[in-house]
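The block underneath contains the structure these notes are about, expressed in structure tokens.
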Amino acid sequence: MFASWFQQQTEDQYWLVDYQVHKEALQHNGSIGFEDSIPLFDGAMFTDVMSLSPWLIPVSKSVLLLPESLLGKGLVLSSSESSQSVLDHLRSLLIAALEGEEVLFRFYDRQVIIPMLTRMDEIEKNQFLGNISQLAAFDNQEQPQFVTFTNTSNRQFTVHETTWWVVKPHHLESSDDLSLIQTNLESWLWQHYPDTMNEHLAQGRDVSSILAPFLAASEQTLTYRVMSAAIVGIVGPELLTQHSMIEFLQEHENDEVQFALHALTRQFEQKG
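Here is the structure:
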């Protein structure tokens with residue numbers, strides 16, 4: 049499917065991948081970097097997490113030689129704009145507003161963005177795509193299908209200089225979409241507890257595996273599960289057995305998630 053899509057494009061093409069897929073691609077390419085590839089993370093706010101940066105890779109012969117199973121782990125884009133303009137647009141999406149908070153927006157993860165794109169109306173989809181003519185990827189179904197999203201806007205594109213993208217309630221799946229919930233929680237942890245997250249990374253711990261069991265405890269409210277997973281991610285599971293923490297979780301289990309996480313942060317600050 050990717051080969052056919054590439055052949056149909058008349059504009060410049062790019063492969064957008066997270067750091068794990070980029071690492072895997074380098075291994076397939078003899079540990080040689082791809083021509084003109086560049087990390088999306090840039091600037092002081094990303095200094096501590098540069099190793100986790102997604103990559104924008106212009107499609108070259110080296111990319112086309114990669115297995116389709118590997119290409120399918122990323123997103124492919126086409127655009128008539130310069131590569132710098134495309135990069136600027138993608139970087140403007142990295143920080144988004146969610147329930148009044150600025151969060152890292154993992155739009156480069158197909159498990160996050162493909163479901164969201166299917167829920168956006170035409171105007172929202174065009175705004176998100178910006179100077180990108182088409183985005184294509186395999187969706188996340190048990191039997192993945194190749195899906196494309198086309199920019200139908202004729203409006204002149206202008207790069208945004210400040211946070212502008214807003215993740216709206218209808219962009220999100222039901223409260224039981226653990227993949228998206230987990231992604232948002234990991235973004236929150238990176239924003240508020242970067243030292244702890246870097247320690248997990250240095251120790252080779254898979255943060256997703258740490259959080260997942262606590263988010264999946266369906267007998268609890270969503271807020272209770274998110275707070276429990278956050279606690280485990282920050283200080284470990286032992287704290288969950290303490291009577292005072294159980295009372296705290298029960299006190300806030302029906303709050304909005306963002307409010308409850310603020311309360312949790314204050315709780316840790318008070319305990320030093």
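Residues 49 to 320 (this note's numbering) are what the sequence shown spells out, left to right. The C-beta atom is built at its ideal place from N, Cα and C for all residues, glycine as well. As the structure is a prediction and not an experimental result, all values here were calculated from the model.
Taking C-beta to C-beta, are residue i and residue j nearer than 9 Å?
| i | j | result |
| --- | --- | --- |
| Leu135 | Leu100 | no |
| Lys109 | Val65 | no |
| Leu114 | His76 | yes |
| Val160 | Phe50 | no |
| His300 | Met275 | yes |
| Leu309 | Ala278 | yes |
| Asn232 | Val111 | no |
| Ala234 | Ser140 | Ala is not the amino acid found at residue 234; the sequence shown has Glu there. Against a cut-off of 9 Å, the Cβ pair of Ser140 and Glu234 comes out as no contact. |
| Ser131 | Tyr67 | no |
| Glu149 | Trp236 | yes |
| Thr198 | Ser181 | yes |
Classify residue i as helix, strand or coil using the three-state DSSP reduction.
| i | result |
| --- | --- |
| Tyr67 | helix |
| Val215 | strand |
| Leu270 | helix |
| Asp136 | helix |
| Phe89 | coil |
| Val151 | strand |
| Ile143 | strand |
| Ile105 | strand |
| Ser227 | helix |
| Asp243 | helix |
| Gln204 | coil |
| Ser117 | helix |
Cutting at 7 Å between CB atoms, please list the residues of its own chain near residue i, excluding the five before and the five after it.
| i | result |
| --- | --- |
| Glu72 | Leu118 |
| Ser52 | none |
| Val107 | Phe54, Gln61, Tyr62 and Trp63 |
| Asp187 | Ile162, Gln193 and Val195 |
If I measure Cβ to Cβ from residue i and keep anything under 6 Å in the same chain, skipping five residues before and after, which residues do I get?
| i | result |
| --- | --- |
| Val305 | Thr271 and Val274 |
| Ser133 | Asn179 |
| Ile86 | Leu104 |
| Val215 | Ala144 and Leu146 |
| Glu83 | Ser108 |
| Arg154 | Val160 and Thr231 |
Would a check of beta-carbon distances place residue i closer than 9 Å to chain D?
| i | result |
| --- | --- |
| Leu74 | In the structure shown, chain D does not exist; there is a single protein chain. |
Among all the DSSP beta bridges, which residues are the ones paired with residue i?
| i | result |
| --- | --- |
| Val111 | Partner(s): none; Val111 has no beta bridge. |
| Val195 | Ala185 |
| Asp96 | For Asp96, which the question treats as bridged, DSSP gives no partner whatsoever. |
| Gln61 | Ser126 |
TODO: Determine, using beta-carbon pairs with one atom in the segment 165–174 and one in the segment 128–148, whether at least three such pairs fall under 8 Å.
DONE: The answer is no - the segment 128–148 does not touch the segment 165–174, with fewer than three Cβ pairs under 8 Å.
Open item on the list: With three or more C-beta pairs closer than 8 Å as the rule, is the segment 237–256 touching the segment 279–288?
Closed with: yes
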